[in-house]
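S.K.: Counting from -7, one number per residue, gives the positions in the sequence shown under the numbering used here.
Ideal Cβ positions, reconstructed from N, Cα and C, are used throughout, including at glycine.
One structure follows; several queries about it will come next.
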Amino acid sequence: MGFSMLEKVDLSKRIDDKEKDLVDKLEIKMGELQRKSWKMQVPIIVVFEGWHASGMSDIINRFILPMDPRGFRFHTTTSPTDEEKLRPLLWRFWTKVPARGQVAIFDRSWYRRAIIEHIEKNNGKGLERCLQGIRSFERQLADDGYLIIKFFLHISKEKQQQRFKELEKNNGDLFIVGEDEVDYASEYEAYLHTVEKILENTDSFRAPWTIVEANNRNFATVKIMTAFINAMEDKLKEVDHKSVTETTVDLFPKEDLPGIPSLKTSILARTDMGKTIDKKEYKEKKKDYQERLRRLQYELLKRQIPVIIIYEGWDASGKGGNIRRLARRLNPRLYSVIPIGAPNDYEISRHYLWRFLKEIPPAGRIAIFDRSWYGRVMVERVEQLCTENEWKRAYREINEFEAMLTDWNAVVVKFWLHID
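Structural data, given as structure tokens:
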């Protein structure tokens, strides 16, 4: 897709009101496909982005009417709440990832936040990091079987100005539009460059953009419904084919997993298991470090720095006791311990990282994980609770997940408790 992709769009396309029969047929087909996707347990994410006054709310309403409301969730993305501001940018969207068989519809999304990051904060580097995180987010979901459909509703600057004048005549509609959208209209030219860049850099095979000519709302509605149906049919055929010809894809050469250097000897085998500490010295140091941790806890709160501590290790290696000693002098209001066991059915119905993302602490707090996302490449792998494709993908996904945390300014501390 070229840089001038929006400028090449033919905004004169239209469909007359007479084409109601076409919409009726599309609505019937959408309902059928939604029921089939539920039966086949295919999770679907539909993203609506576009210019303000592009008719998005009306078009989305027409889009969801044919769907069974029990099978979808509608999410409107506005300014982040106080709770959301204290977490990574994508946290609020990870927590809304649909279960298998469900549909999540976003009226604006993570892309709205990317635009604000660049325009309002004038932060080009922030935008690049944000887009990298978005690409990883969408790829991880697509690799896990999610269908991602993204629409950008495009109108001309003249059409936008015309619609704003019409909205000004209706105080109710103007109230719904909101002050930030009026500001958005006045910045059309400035936003155009950023929107083009975002569309170009996030258009992928797994999560492609569909540019919708929205000067005529009837045409936009038909195009969106048609694109949705085509994407659904392709995805369901793919899933049906995979269920018949399921094979293991060799994502990486043997002994060549991302993030893991080739090792001639085991790290654990080289660990000195004879190390000890004098009991008196242990008690003195423990007391000193516990006091220092308590002081650091308040400093973290003051500076709004989140801390994530991970405990992994062999069974009976003393993780529980170590966590208790670590937290002995901490303020319980400012930390939490998250024990991780086998995922339940509710958690299995989503991407495996979902259950860890929702436990990420707000800025200034500490989260202590008693076992973690590393279970994917250890227990779940060894006990064959996930496929080979899934645990091989997890190495890259874990690195990306932790990069997201550190980009957010989190301190990530990981312990492996080793015994012989």
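#1: By Cβ distance below 6 Å, which residues in the same chain neighbour Ile7 in space, the five residues on each side in sequence not counted?
#2: Specify, as a first and last residue, the run of the alpha helix (DSSP H) that Val423 falls within.
#3: Pull the bridge partners of Gly333 from the DSSP assignment, please.
#4: Compute the Euclidean distance between the alpha carbons of Leu(-2) and Arg104, then round it to the nearest angstrom.
#5: Go ahead and pull the three-state DSSP assignment for Ser328.
#6: How big is the Cα-Cα spacing for Glu339 and Phe85?
#7: So Glu351 is in the beta strand (DSSP E); what residue range does that whole segment cover?
#8: Can you name, in chain order, every residue of its own chain whose Cβ lies under 6 Å from the Cβ of Phe348, other than the five neighbours on each side?
#9: To the nearest angstrom, report how far apart Asp99 and Asp232 are at their CA atoms.
#10: Which value, in whole angstroms, describes the spacing of the CA atoms of Arg373 and Ala386?
#11: Taking all protein chains shown into account, decide if Pro331 is buried (16 or more other Cβ within 10 angstroms of its Cβ) or exposed.
#12: Return yes when the Cβ of Arg342 is within less than 9 Å of the Cβ of Pro72, no when it is not.
#13: How far does the beta strand (DSSP E) with Thr202 in it extend, from its first residue to its last?
#14: Taking the alpha helix (DSSP H) that Thr186 belongs to, which residues open and close that run?
#15: At the level of alpha carbons, what is the spacing between Leu119 and Glu158?
#16: Just verifying my parser: in three-state terms, what is the DSSP assignment at Phe55?
#17: Take every Cβ of the stretch 132 to 145, pair it with every Cβ of the stretch 21 to 39, and state whether three or more of those distances are shorter than 8 Å.
#18: Going by DSSP, what residue range makes up the alpha helix (DSSP H) through Tyr274?
#19: On a CA-only basis, which of Lys17, Glu205 and Gln94 is nearest Gly42? Give me that one, please.
#20: Do you know how far the Cα of Gln282 is from the Cα of Lys271?
#21: Cβ of Lys311 within 9 Å of Cβ of Arg363?
#22: Who pairs with Tyr441 in a beta bridge, going by DSSP?
#23: What do you reckon, are the CB atoms on Asn207 and Lys77 nearer than 9 Å?
#24: Across which residues does DSSP place Asp8 in a beta bridge pair?
#25: Measure the alpha-carbon distance for Leu393 versus Ser101 and round it to whole angstroms.
#26: How many Å lie between Arg325 and Asn391 at the Cα?
#27: So Arg84 is in the alpha helix (DSSP H); what residue range does that whole segment cover?
#28: Does the beta-carbon distance from Lys149 to Glu181 come in below 9 Å?
#29: Just verifying my parser: in three-state terms, what is the DSSP assignment at Phe156?
#30: By the DSSP assignment, the beta strand (DSSP E) with Ile36 in it spans what residues?
#31: For Ser196 and Asp412, I'd like the C-alpha separation in whole angstroms.
#32: Would you say Ser328 and Ala359 are within 9 Å of each other, going by their C-beta atoms?
#33: Using the Cα positions of Lys416 and Leu133, report the straight-line distance between them to the nearest angstrom.
#34: Alpha carbon to alpha carbon, how far is Ala219 from Gln94?
#35: What is the DSSP secondary structure of Thr213, counted as helix, strand or coil?
#36: Would you check if the distance between the CB atom of Ile269 and the CB atom of Val404 is smaller than 9 Å?
M.R.: Quick look at the numbers:
#1: Asn210, Phe211 and Val214
#2: An answer regarding residue 423 cannot be provided, because it is not within the stretch -7 to 412 covered by the chain.
#3: None; Gly333 has no bridge partner.
#4: 17 Å
#5: strand
#6: 16 Å
#7: Here Glu351 belongs to no beta strand (DSSP E), and DSSP marks it neither H nor E.
#8: Trp365
#9: 30 Å
#10: 10 Å
#11: exposed
#12: no
#13: Trp201 to Glu205
#14: Tyr180 to Asn193
#15: 34 Å
#16: helix
#17: yes
#18: Lys271 to Arg295
#19: Glu205
#20: 16 Å
#21: yes
#22: Residue 441 lies beyond the range of the chain shown here (-7 to 412); nothing can be said about it.
#23: no
#24: Note: Asp8 sits in no beta bridge, so no partner.
#25: Looking at the sequence shown, residue 393 is not Leu but Phe. For Phe393 and Ser101, the distance between alpha carbons rounds to 19 Å.
#26: 30 Å
#27: Trp83 to Trp86
#28: yes
#29: helix
#30: Ile36 to Gly42
#31: 47 Å
#32: yes
#33: One cannot answer for residue 416 here, as it falls past the ends of the chain, which runs -7 to 412.
#34: 18 Å
#35: helix
#36: no
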